Amino acid sequence: MRNLLNFLARYNNLIIFLILEGIAFYLLTTGNSYHNSRLLNGVRGITNGINAKIYNTRSYLSLHEINERLAGENVALKNKIAQMVREENSVFLPVNDSINKQQYLHTSAEVIENSINKQKNFFTINKGENQGIKVDMAVTTASGVAGVIVGCSRNYSVAMSVLNLDFKVSARIKSNGYFGSLSWDGRDYKYAILSEIPQHVLVNVGDTIETTGYSAIFPEGIIVGTVDNYEKYGGDFYKISVLLITDFKKLHFVDVIGNMKKKEQLNLEKLYK
Amino acid sequence: MINSVLRFCLIFVLLILLQVLLFNNIEFSGYVNPYVYVMFILLLPIEIPSWLLLLLSFGTGLIIDFFSGSPGMHTSATVLIGFVRPYVLRLVSPRDGYESGSDPSMLAYGFRWFATYTLLMVLIHHTALFYLEVFRFADFFRTLLRVILSTLFSTGFILLIEFYRKGK
């Protein structure tokens, strides 16, 4: 017994160190799935409040730019409506069947916390479960892809940014339809890498890259960016550097997109895979 | 005693605010992420009991983690430097040893001593932190470059703050 006490007294620092480091590693390995950790959610509630305040003060500085962008978006939407009205005057009257037709639900949200300088970047938006946000919904800006929701509390959600080493999305070259996997290499917040495009495919600098919709998270045809340059990689593939269309430094307003038919697709795929 | 506890509370709050509001927002080519909150661990009194040092490190890391949304990352790196601090202090000890009851500050032991001490501690912290962040050894040298550049910047900022503190 005395030996044991001696031992503890002698190495108490090391023991405390190991215990604390153990807790830290536990948080590190399990904590990244935000919703699992209730403690974290509680404290995030507090820090989110503070972050929201910081964001509020800061957003005044960029109001002009935001207005400009919203105006642009309005124009685009108005144009779309105008086109639709014309279509409705055609011979075949389209039936607006809201049950079977609408596949994607859009909600807008504001980014209250964001980072681009880490290797695994996340951002927080000001809507959560109460507003119908769920894990694995897609997040986009008016122009392009922004991220995927990974965790929700009641009024906030955390999304994994495209600028995260763990982020992957299926994307294709718009002009010819060849698809590959898009991910970030952790270097520059302006560029992502599109891989798995075979070398016989004709790639041009400036080609548009868009999402495919295969993953059941992102709708088809959301723009990711444009080809900045490409090089041969490995035996058969190109490694394409994509200039991202979304400016992650200025992420303010985002759309959260839920796929209403995702469950159906995934269940079906599970049967045959 | 109470006075010095209050002083450290103030330093703690200021450094956390500085880190969260200012330095967490610095984006400089993705290679430079200064973490100056480490300075709190550096400044604690030399004779602080090790268990308290470890607990304070743990708390500091945890708070930074909550603010930057990276559970466990800063905590483990900060607990590590809390653990190695006595050894680093022994390694860089001045010729006459430390005076009892003194703080490891620039005022007490001079610029060169403080710079070496800071550089060593920050280097250990950043090495742990950045490799935990990527959690893989692919891109080993790129992460190493980030460690080195960020260490230089963090050390620079900490020395600046310390100069300001010394001047007052």
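Order-wise, the sequence lines are chains D and R. Residue 120 in my numbering sits at position 120 of the first sequence, and the numbers go up by one each step. Add 1000 to a position in the second sequence, counting from 1, and you land on the number used in my numbering. Using N, Cα and C, we set each Cβ at its ideal position, and we do this for glycine too. Model, not experiment: these values are computed from the prediction.
- From the beta-carbon of residue 1079 of chain R, the residues of chain D found nearer than 8 Å are 17, 20, 21 and 24.
- Bridge partners of residue 257 of chain D according to DSSP: D/106 and D/138.
- For residue 1073 of chain R, the neighbours in chain D by C-beta distance under 7 Å run, in chain order, 28.
- Not flagged as an interface residue toward chain D: residue 1017 of chain R, since no C-beta distance is shorter than 7 Å.
- The three-state secondary structure of residue 244 of chain D, taken from DSSP, is strand.
- With fewer than 16 other beta carbons inside 10 angstroms of its own, residue 134 of chain D counts as exposed.
- DSSP links residue 124 of chain D through a beta bridge to D/113 and D/158.
- In this model, residue 1112 of chain R and residue 1035 of chain R are separated by some 21 Å (Cα to Cα).
- The beta-carbon separation of residue 204 of chain D and residue 224 of chain D, rounded to 16 Å, does not stay under the 8 Å limit for a contact.
- Here residue 1035 of chain R is not bridged, per DSSP, to any residue.
- Residues of the same chain with a CB within less than 6 Å of the CB of residue 261 of chain D, apart from the 5 flanking positions on each side, are 103 in chain order.
- No Cβ of chain R is located within less than 7 Å of the beta carbon of residue 237 of chain D.
- Taking a cut-off of 8 Å for Cβ pairs, the region 1101 to 1112 of chain R and the region 56 to 74 of chain D do not touch, as fewer than three such pairs fall below it.
- DSSP places residue 229 of chain D in the strand class (E or B) of the three-state scheme.
- Residue 1084 of chain R and residue 114 of chain D have their C-alpha atoms roughly 33 Å apart.
- Within chain R, no residue has its beta carbon less than 7 Å from that of residue 53 of chain D; the closest one is some 11 Å off.
- With respect to the 7 Å criterion, residue 1024 of chain R and residue 1068 of chain R are classified as neighbours on the basis of their beta carbons.
- Just measuring C-alpha positions, the residue of R/1136, R/1145, R/1108 and R/1140 sitting nearest residue 1123 of chain R is R/1145.
- Taking 7 Å as the cut-off, the Cβ atoms of residue 196 of chain D and residue 183 of chain D do not count as close.
- Counted as a single uninterrupted DSSP element, the beta strand (DSSP E) harbouring residue 211 of chain D occupies residues 208 to 211.
- Residue D/159 holds the alpha-carbon nearest to the alpha-carbon of residue 122 of chain D among D/146, D/106 and D/159.
- Of the other Cβ atoms in all chains shown, 16 or more fall within 10 Å of the Cβ of residue 137 of chain D; this residue is therefore buried.
- Closest in alpha carbon position to residue 77 of chain D, among D/13, D/143 and D/18, is D/143.
- Contact between the region 1074 to 1084 of chain R and the region 1044 to 1059 of chain R is present: three or more C-beta pairs spanning the two stretches fall below 8 Å.
- Under the three-state reduction of DSSP output, residue 172 of chain D falls in the strand class.
- Contact residues of the region 1133 to 1159 of chain R toward chain D are 1133, 1134, 1135, 1136, 1139, 1142, 1143 and 1146 (C-beta to C-beta distance below 9 Å).
- The criterion of a C-beta distance shorter than 7 Å is not satisfied by residue 167 of chain D and residue 212 of chain D.
- When secondary structure is reduced to three states using DSSP, residue 205 of chain D falls in the coil class, being assigned neither helix nor strand.
- Residue 1018 of chain R places its beta carbon 7 Å or farther from that of residue 1039 of chain R.
- For residue 197 of chain D, the enclosing beta strand (DSSP E) starts and ends at 191 to 198.
- Under a 10 Å Cβ-count criterion, residue 232 of chain D is classified as exposed, with fewer than 16 other Cβ atoms of the shown protein chains found around its own Cβ.
- For residue 1044 of chain R against residue 1056 of chain R, the beta-carbon gap comes to about 7 Å, under 8 Å, which counts as contact.
- Counted as a single uninterrupted DSSP element, the beta strand (DSSP E) harbouring residue 181 of chain D occupies residues 179 to 183.
- Three or more pairs of CB atoms, one per stretch, sit closer than 8 Å, so the region 1113 to 1122 of chain R contacts the region 1149 to 1163 of chain R.
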